[in-house]
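J.: Under the UniProt record's numbering, think of the first position of the sequence shown as 1, with each following residue one higher. Note that the Cβ used here is the ideal one computed from N, Cα and C, for glycine as well. Values in this document were obtained by computation on a predicted structure and should not be read as measured data. My structure is below; once you've seen it, I'll send some questions.
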Amino acid sequence: MSDPMLVFDDLREESEELDRLVAELSPGQWALATPAPGWSVAHQIAHLAWTDHSALLAVTDVDAFHTLVEKALVAPGSFVDDGAAEGAQLAPAELLKEWREGRAALDTALRAAPRGARFPWYGPPMSAASMATARLMETWAHGLDVSDALGVVRTPTDRLRHVVWIGVRTRDFAFGVHGLPAPIDDFRIELVAPSGEIWAYGPEDAPQRVTGPALDFCLLVTQRAHRSDLALRAEGPDADRWFDIAQVFAGPPGEGRAPKGAAR
């Protein structure tokens with residue numbers, strides 16, 4: 001990811017693909033329930049618009065972003081849901097307009113950011129490229145929730161490499177939020193991209209190994225599928241444990257998804 005323009009372009013394409021999916025929805029379809037409890041299609045898009053706005057402030061108005069952080073600290077368990085709920089009350093056309101304008105402004109700001117600059121976030125500060133990678137991950141994951149609600153199967157693309165990268169980088173974070181020590185051993189991760197390319201991370205002789213489709217790895221780390229429903233293989237106790245706790249998003253441990261056919 002030496003050229004940040006690549007992830008900026010991929011974020012734009014990922015957003016545009018989701019935009020095409022929701023642009024012509026009826027009011028009833030906007031109200032459809034998604035796999036996230038209590039969230040409709042409108043909540044999902046409102047959350048993306050809200051987070052894009054937060055990222056834009058982090059890049060362009062640090063004081064305003066710190067005000068958002070202070071509000072989050074007052075209600076740490078509900079501020080994300082509150083932001084989605086507020087946006088979901090908008091008329092679909094207004095919500096779409098807000099999301100489109102916000103992500104366009106963020107795209108411009110990220111491309112104009114100085115190389116090497118780091119910006120505040122709800123977790124550690126991030127570079128413009130890392131910020132875009134996180135936005136792409138969320139856009140893809142919440143887009144999955146939308147497509148599930150609509151009964152649409154989206155074709156995976158090699159834009160997933162950004163989600164994989166965040167998944168690999170957040171391994172120790174996932175252990176930490178569960179109160180577990182970070183693994184000592186190296187991990188070898190070998191994943192088959194949608195294009196058939198192999199994406200590999202870590203030394204070839206690492207004692208802990210993860211192999212399988214890149215799509216399934218992305219579903220695991222975004223907690224969009226249970227490990228038992230995925231064609232991933234873990235070798236080594238730490239790799240196996242990771243499958244139970246992996247998460248790429250900031251905040252407390254997520255509940256994840258139940259196995260298909262299991263009662264929640």
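#1: Among residues of its own chain, excluding the 5 on either side of F175, which ones have a beta-carbon nearer than 6 Å to its beta-carbon?
#2: In three-state DSSP terms, what is L21?
#3: Is DSSP giving I166 helix, strand or coil here?
#4: Going by DSSP, what residues sit across from A33 in a beta bridge?
#5: With a Cβ-Cβ cutoff of 8 Å, do V41 and I166 count as a contact?
#6: Do W50 and G28 have their CB atoms nearer than 8 Å?
#7: Quick one: what does DSSP say R159 is sitting in, helix, strand or coil?
#8: In whole angstroms, what is the alpha-carbon distance linking H162 and M126?
#9: Are the CB atoms of T133 and V7 nearer to each other than 8 Å?
#10: Considering W99, what are the terminal residues of the alpha helix (DSSP H) in which it resides?
#11: Could you tell me the boundaries of the beta strand (DSSP E) in which L180 lies?
#12: With T67 as the anchor, note down where its alpha helix (DSSP H) starts and where it stops.
#13: Pick out whichever of T211, A149 and L219 has its Cα sitting closest to the Cα of R188.
#14: Please work out which residues of its chain come closer than 6 Å, Cβ to Cβ, to R264, disregarding the five sequence neighbours upstream and downstream, and give them in chain order.
#15: For S31, which residues of its own chain have a beta-carbon under 8 Å away from its beta-carbon, when the five flanking residues on both sides are left out?
#16: Run through DSSP, which three-state label would residue 275 get?
#17: Could you compute how far the alpha carbon of M191 sits from the alpha carbon of R241?
#18: To which residues of the same chain is S130 closer than 6 Å at the C-beta, ignoring the five residues directly before and after it?
#19: Where does F249 fall in DSSP's three states?
#20: Which whole-angstrom value is the C-beta distance of P207 and D185, which I expect to be below 8 Å?
#21: Contact check, W140 vs E14 under 8 Å by CB: the rounded distance?
#22: Checking 8 Å against the spacing of the C-beta atoms, do K25 and P92 come in under that value?
#23: Taking the C-alpha atoms as reference points, what is the distance between G254 and V221?
#24: Tell me the DSSP bridge mates of L11?
#25: At least one CB of chain D closer than 8 Å to the CB of T155: is that the case?
#26: Nearest to residue 280 by alpha carbon, out of A250, P252 and L219?
#27: Classify R257 as helix, strand or coil using the three-state DSSP reduction.
#28: Taking only three categories from DSSP, how would you classify P27?
T.: According to the data block:
#1: In the sequence shown, counting from the first residue as 1, residue 175 sits at position 175. Contacts found: A182.
#2: Residue mapping note: residue 21 aligns to position 21 of the sequence shown, counting from 1. Correct three-state label for L21: helix.
#3: Locating residue 166 in the sequence shown gives position 166, where the first residue counts as 1. Of the three classes helix, strand and coil, the one that applies to I166 here is helix, per DSSP.
#4: Numbered from 1 along the sequence shown, position 33 holds the residue referred to as residue 33. S40.
#5: Taking the sequence shown and counting its residues from 1, the one referred to as residue 41 is at position 41. Taking the sequence shown and counting its residues from 1, the one referred to as residue 166 is at position 166. No, they are not a contact pair.
#6: Indexing the sequence shown from 1 puts residue 50 at position 50. Indexing the sequence shown from 1 puts residue 28 at position 28. For W50 and G28, no; Cβs fall outside 8 Å.
#7: The residue given as residue 159 occupies position 159 in the sequence shown. Here R159 sits in coil by DSSP.
#8: Here residue 162 refers to the residue found at position 162 of the sequence shown. Here residue 126 refers to the residue found at position 126 of the sequence shown. Each residue's alpha carbon lies about 15 Å from the other.
#9: Here residue 133 is taken as the residue at index 133 of the sequence shown, counted from 1. Here residue 7 is taken as the residue at index 7 of the sequence shown, counted from 1. Yes, the pair counts as a contact, with Cβ atoms nearer than the cut-off.
#10: In the sequence shown, the residue the question calls residue 99 occupies position 99. From DSSP, the alpha helix (DSSP H) with W99 extends over P92 to A112.
#11: To locate residue 180, count along the sequence shown from 1; it is residue 180. Segment: none, L180 is in no beta strand (DSSP E) and carries neither H nor E.
#12: By one-based count along the sequence shown, residue 67 stands at place 67. Unbroken alpha helix (DSSP H) run through T67: V62 to V74.
#13: Position 188 of the sequence shown holds residue 188. Of the listed residues, the one whose Cα sits closest to R188 is T211.
#14: By one-based count along the sequence shown, residue 264 stands at place 264. A caution first: R264 carries a pLDDT of 38, below 50, which makes its placement in the model unreliable, though a value can still be read off. Around R264: A258.
#15: Position 31 of the sequence shown holds residue 31. Reading the sequence as shown, one finds Ala at residue 31 and not Ser. Excluding residues within five positions, the ones whose Cβ falls inside 8 Å are S40, V41 and A42.
#16: Residue 275 lies beyond the range of the chain shown here (1 to 264); nothing can be said about it.
#17: For the purposes of this step, residue 191 is taken as residue 191 along the sequence shown, with counting starting at 1. For the purposes of this step, residue 241 is taken as residue 241 along the sequence shown, with counting starting at 1. It should be noted that the sequence gives Leu, not Met, for residue 191. Their Cα atoms are separated by approximately 18 Å.
#18: The residue given as residue 130 occupies position 130 in the sequence shown. Correct list: empty, nothing qualifies.
#19: Against the sequence shown, residue 249 aligns to sequence position 249. Coil.
#20: On the sequence shown, residue 207 is found 207 positions in, with the first residue counted as 1. On the sequence shown, residue 185 is found 185 positions in, with the first residue counted as 1. About 5 Å; that satisfies the 8 Å criterion.
#21: As a working mapping, residue 140 is identified with position 140 in the sequence shown. As a working mapping, residue 14 is identified with position 14 in the sequence shown. Rounded, the Cβ-Cβ distance is 6 Å, consistent with contact.
#22: By 1-based counting over the sequence shown, the position of residue 25 is 25. By 1-based counting over the sequence shown, the position of residue 92 is 92. Rather than Lys, the amino acid found at residue 25 in this sequence is Leu. For L25 and P92, yes; Cβs fall inside 8 Å.
#23: Along the sequence shown, one-based indexing puts residue 254 at 254. Along the sequence shown, one-based indexing puts residue 221 at 221. Taking the straight line from one Cα to the other gives about 11 Å.
#24: Counted from its first residue, the sequence shown places residue 11 at position 11. In DSSP, L11 forms no bridge with anything.
#25: Structure shown: chain D not included; a single protein chain is present.
#26: For the chain, the structure presents residues 1 to 264; residue 280 sits outside this window and is missing.
#27: By one-based count along the sequence shown, residue 257 stands at place 257. DSSP places R257 in coil when its eight states are reduced to three.
#28: As a position in the sequence shown, residue 27 is number 27, starting the count at 1. P27 falls in the helix class under three-state DSSP.
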